[in-house]
Amino acid sequence: MRRVPVTALHAGMKIARPVYSAGGQMLLSAGLELTERYIERLGKLGINFVYVEDGLLPDLEVDDVISDETRSRARSLMRELLQSSTGKRVDIKRCLLLSKEIQSVVENIVDELLGNKNLIFDMMDIRTHDDYTFAHSVNVGVLAVMAGLAMKMPRERLLQLGKGAMLHDIGKIDLPLSILNKPGKLTEDEFDQIKKHCQVGMQILKHSGYVNIVEAAVALQHHERYDGSGYPGGLRGEQIHLFSRITSIADVYDAITSNRVYRPAFPPHEAYELLAAGGGSMFDYEIVRIFIEIIAPYPLGTIVELSNGEIAAVVENIPGFNLYPRVRVLFDPYGQEVGEMKEYFLARQRDIVIHKVIDDVFKYVKERSAQKKSG
Ligand SMILES: [Fe+2]
């Protein structure tokens, strides 16, 4: 299977991993053949990529860092939690009840990640516009725990970090969706309202009694920036709690790799660059260094053009070498299919680098072979 942006899908490709709606119903099942109508619908829903089977990489399996079951349970819990406010008033009792379940799902996430040897984050998470806030909360939790693991935190700390990170936006509970999902530029007043979610979140968590002060601090501080340019306190450097510094990076990374109503997602390699560039200014440099080791700029199944002109697919990401993955050559520089198995591990093959990412490989090779004929 391989990962294909929705903008590069063609009728006839087969879905390799099921696609779910915000409500958890299956929209497209594995094995389903795409038609133009399905492709159009995926775009309208705000989904930015899917996994397809089109014969190019039949033996490539792509697994999420946590189980589908845990992810979908965490997502529906977050939905319930964030929608448990009645009108303007937050239902603290309901939040309390859900908080115990959240604890258990965070334990699942931490234990699954602890048992996972190959911790590179591949961005498997397919989500719709409607699902954004819930799916985002879960992913920020997963990414934060992965960073904590790379920092060798003990399980107890990972649980605190994961819970704090997953609940970081709970203060958005009483913000109107019309502001949260506004397609255009926010007015000053609307932005002031959004900024309040940090203090509101802290208050909710403090009152819930199930969360300790460190976890609540993440809700308060996740928009603070290392250089002091954030809000609400304008804190800088180590005035910001370690958990909040980790969560702020996970939050930004996950947000920029998602389609939003007001802008399309950044592709993984660009998001990687943006994150790396924020080290030392927006973000704690040391933590950014850890993040860029665990996120894949070229997720498995990404099609790339190499510097020698060959067109290849990423088939293995190796921790510590994620800018130099193992790739399998699919087409020669003239767009002709390569018959024999030919792979490079780019970390060892220092004369070949990734030149660019190709979204629509079939269109690309067609143009290449047309050029060859005319040239
Ligand atoms: Fe936030």
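Position in the sequence shown (first residue = 1) + 58 = my numbering.
Note that CB positions come from ideal geometry on N, CA and C, so glycine has one too.
- prompt: In angstroms, rounded to a whole number, what distance separates the CA positions of residue 353 and residue 304?
  reply: Here the question's residue 353 lines up with position 295 in the sequence shown. Here the question's residue 304 lines up with position 246 in the sequence shown. Taking the straight line from one Cα to the other gives about 14 Å.
- prompt: To the nearest angstrom, how far is it from the Cα of residue 335 to the Cα of residue 431?
  reply: Position 277 of the sequence shown, counted from the first residue, corresponds to residue 335. Position 373 of the sequence shown, counted from the first residue, corresponds to residue 431. Their backbone Cα atoms lie some 42 Å apart in a straight line.
Touching by the beta-carbon criterion (3+ pairs, under 8 Å), the segment 262-280 and the segment 217-227: The answer is yes - the segment 217-227 touches the segment 262-280, with three or more Cβ pairs under 8 Å.
query: Sorry if obvious, but does the Cβ on residue 226 come closer than 7 Å to a heavy atom of ligand 1?
result: The residue you call residue 226 lines up with position 168 of the sequence shown. For ligand 1, at least one heavy atom lies less than 7 Å from the Cβ of residue 226.
query: Below 8 Å between beta carbons: does that hold for residue 232 and residue 258?
result: The residue you call residue 232 lines up with position 174 of the sequence shown. The residue you call residue 258 lines up with position 200 of the sequence shown. Yes; because the gap between Cβ atoms is below 8 Å, this pair is in contact.
- prompt: Once you ignore the five residues that flank residue 202 on each side, which residues in its own chain have a CB closer than 6 Å to its CB?
  reply: Within the sequence shown, the letter at position 144 stands for residue 202. For residue 202, same chain residues with a beta-carbon under 6 Å away, outside a window of 5 residues either side, are 219, 223, 304, 305 and 308 in chain order.
- prompt: DSSP on residue 474, reduced to helix/strand/coil?
  reply: The structure shown does not extend to residue 474, since the chain is modelled only from 59 through 433, so no value can be given for it.
message: I want to know whether the segment 168-180 touches the segment 368-384 - three or more CB-CB distances under 8 Å.
response: The way I'd put it, the segment 168-180 does touch the segment 368-384; three or more beta-carbon pairs between them come closer than 8 Å.
- prompt: Taking C-beta to C-beta, are residue 110 and residue 62 nearer than 8 Å?
  reply: Taking the first residue of the sequence shown as 1, we reach residue 110 at position 52. Taking the first residue of the sequence shown as 1, we reach residue 62 at position 4. In this structure, residue 110 places its C-beta atom within 8 Å of the C-beta atom of residue 62.
- prompt: Relative to ligand 1, is the shortest distance from any of its heavy atoms to the C-beta of residue 280 smaller than 7 Å?
  reply: Start at 1 with the first residue of the sequence shown, and residue 280 comes out as number 222. Yes, the Cβ of residue 280 comes within 7 Å of a heavy atom of ligand 1.
field: Burial state of residue 93 (16 or more Cβ within 10 Å)
entry: By one-based count along the sequence shown, residue 93 stands at place 35. Classification for residue 93: exposed.
field: Same chain only: Cβ atoms within 7 Å of residue 329, ignoring 5 sequence neighbours per side
entry: Taking the first residue of the sequence shown as 1, we reach residue 329 at position 271. Excluding residues up to 5 positions away in sequence, 311, 314 and 315 lie with their Cβ nearer than 7 Å to the Cβ of residue 329 in the same chain.
- prompt: Among all the DSSP beta bridges, which residues are the ones paired with residue 337?
  reply: As a position in the sequence shown, residue 337 is number 279, starting the count at 1. BP columns for residue 337 point to 341.
4-residue-minimum alpha helix (DSSP H) runs that sit fully inside the segment 204-287, ordered along the chain: Segments of the alpha helix (DSSP H) lying fully in the segment 204-287: 213-224, 235-238, 246-253, 255-266 and 271-279.
Spatially closest choice to residue 301 from 426, 137, 365 and 274, by CA coordinates: Looking up residue 301 in the sequence shown gives position 243. Nearest C-alpha to residue 301: 274.
- request: On the DSSP bridge assignment, give the partners of residue 179 in chain order.
  value: Sequence index remark: in the sequence shown, residue 179 carries index 121 (1-based). Answer by DSSP bridge pairing, in chain order: 353.
Closest residue to residue 419 among 197, 213 and 395 (Cα-Cα distance): As a working mapping, residue 419 is identified with position 361 in the sequence shown. From the listed residues 197, 213 and 395, the smallest Cα separation to residue 419 is found for 395.
message: What does the alpha-carbon distance come out to for the pair residue 205 and residue 351?
response: As a working note, residue 205 is residue 147 in the sequence shown. As a working note, residue 351 is residue 293 in the sequence shown. Between residue 205 and residue 351, the C-alpha separation is close to 9 Å.
Simplified DSSP assignment, three categories, for residue 71: Sequence index remark: in the sequence shown, residue 71 carries index 13 (1-based). Of the three classes helix, strand and coil, the one that applies to residue 71 here is coil, per DSSP.
query: Of all the options 324, 138 and 173, which has the alpha carbon lying nearest to the alpha carbon of residue 196?
result: Position 138 of the sequence shown, counted from the first residue, corresponds to residue 196. Nearest of 324, 138 and 173 to residue 196, Cα basis: 138.
query: Out of 380, 168, 234 and 187, which has the shortest C-alpha to C-alpha gap to residue 405?
result: For this step, residue 405 is matched to residue 347 along the sequence shown. Closest by C-alpha distance to residue 405, out of 380, 168, 234 and 187, is 380.
- prompt: By how many angstroms is the C-alpha of residue 344 removed from the C-alpha of residue 261?
  reply: Translated into the one-based positions of the sequence shown, residue 261 becomes position 203. Translated into the one-based positions of the sequence shown, residue 344 becomes position 286. In a straight line, the C-alpha of residue 261 is about 30 Å away from that of residue 344.
query: At a cut-off of 7 Å, is residue 255 close to ligand 1 when judged by its beta-carbon and the heavy atoms of the ligand?
result: For the purposes of this step, residue 255 is taken as the residue at position 197 of the sequence shown. Checking the Cβ of residue 255 against ligand 1 gives yes.
- request: Could you tell me which of 189, 424, 72 and 327 sits nearest to residue 500, measuring between CA atoms?
  value: What is shown of the chain runs 59 to 433, which leaves residue 500 out entirely.
- prompt: Can residue 88 and residue 76 be called in contact, C-beta distance under 8 Å?
  reply: Taking the sequence shown and counting its residues from 1, one reaches residue 88 at position 30. Taking the sequence shown and counting its residues from 1, one reaches residue 76 at position 18. Taking 8 Å as the Cβ cut-off, residue 88 and residue 76 qualify as a contacting pair.
field: Cα-Cα separation, residue 319 to residue 123
entry: Mapped onto the sequence shown, residue 319 falls at position 261. Mapped onto the sequence shown, residue 123 falls at position 65. So the alpha carbons of these two residues sit roughly 27 Å apart.
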